[in-house]
Amino acid sequence: MKKILQFFAITLAVLPMIASAHGPTRQSVKESVFINASPEKVWAVLSDFTAIDKWHPAVASVEMLSDNERKLTLKGEGHPTITEKLEKLDNDKMMMIYKIEKMSVIKTITYNSKDTPYYTLPVNNYKSWLSVKAKDGGSEVTWKGKFYRSFMDNPPVPEGQSDEDAVNAVKGVYTSGLNNLKAMLEK
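Going letter by letter, the sequence shown gives residues -21 to -1, 1 to 166 in mature numbering (1 follows the signal peptide of the UniProt record, and there is no 0).
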């Protein structure tokens, strides 16, 4: 009995250390917008993988690297880039899945004696879904993503590289894009 109690005491003492000694956890963001336009009209814009620069205000240009891979050049200082790969485009279900393949490095800092890159977005292992569904005589567009923060080591985390920073950055991308898409299609 004494050994069992010792085992539980050690387990309870070690458990908090194990819980705090982990890398990032998978995060997710889901944003939706109602657009007063037919799903077909909305999908015609969204499904064109070559033309996100026509509706997303942060994208300056798109360069197609292959049939299913695009390089986005963003507006703003230094014109950072994001390369994305289209994994699935389903016109019947009005849904697309894509992932980020690579991003440009904005800056590098030394943190805990290691060079730590800051990418275009503070995310790693990013995958996204865009879909359009009929709703209330118009369309509901849903954009969701799953990802990790870009800093993959254990805490402490450098400024701008936390889970919260990653979530806020992705939310910003989604809401600005969806709001602009809505404004454009409801003119």
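Beta carbons: idealized from backbone N, C-alpha and C, even for Gly.
Is residue i helix, strand or coil when you go by DSSP?
{"i": "THR154", "result": "helix"}
{"i": "LYS123", "result": "strand"}
{"i": "ALA162", "result": "helix"}
{"i": "VAL136", "result": "coil"}
{"i": "LYS54", "result": "coil"}
{"i": "ALA23", "result": "helix"}
{"i": "ALA39", "result": "strand"}
When the Cα atoms are used, what is the spatial distance from residue i to residue j?
{"i": "VAL149", "j": "GLY124", "result": "8 Å"}
{"i": "GLU165", "j": "SER17", "result": "10 Å"}
{"i": "MET21", "j": "GLY117", "result": "As written in the sequence, residue 21 is Val, which differs from the Met given in the question. For VAL21 and GLY117, the distance between alpha carbons rounds to 9 Å."}
{"i": "ASN70", "j": "TYR77", "result": "14 Å"}
{"i": "LYS114", "j": "GLU19", "result": "12 Å"}
{"i": "SER155", "j": "LYS67", "result": "23 Å"}
{"i": "ASN158", "j": "ALA37", "result": "12 Å"}
{"i": "ASN104", "j": "ALA30", "result": "23 Å"}
{"i": "TYR90", "j": "PRO135", "result": "10 Å"}
{"i": "MET163", "j": "ASP94", "result": "42 Å"}
{"i": "LYS9", "j": "TRP122", "result": "6 Å"}
{"i": "ASP144", "j": "PRO96", "result": "15 Å"}
{"i": "GLU63", "j": "TYR153", "result": "15 Å"}
{"i": "GLU138", "j": "SER110", "result": "33 Å"}
{"i": "MET74", "j": "LYS161", "result": "17 Å"}
How close, in whole Å, do the beta carbons of residue i and residue j come, if the pair is a contact with beta carbons under 8 Å?
{"i": "MET82", "j": "ILE61", "result": "5 Å"}
{"i": "SER7", "j": "VAL120", "result": "Their Cβ separation, rounded to whole angstroms, is 17 Å, which puts SER7 and VAL120 out of contact at 8 Å."}
{"i": "residue 208", "j": "ASP32", "result": "Because the chain is modelled from -21 through 166, residue 208 falls outside the range shown and cannot be assessed."}
For the ligand PLP, any of its heavy atoms closer than 7 Å to the Cβ of residue i?
{"i": "ASN158", "result": "Absence of the ligand PLP from the depicted structure is noted, as is the absence of any ligand whatsoever, leaving it without description."}
* To do: Decide if the stretch 97 to 104 is in contact with the stretch 125 to 134; the criterion is three or more beta carbon pairs, one per stretch, under 8 Å apart.
  => yes
* **Every unbroken beta strand (DSSP E) inside the stretch 56 to 131 [3 residues or more]** => 60 to 69, 74 to 82, 84 to 90, 93 to 98, 102 to 114, 117 to 128
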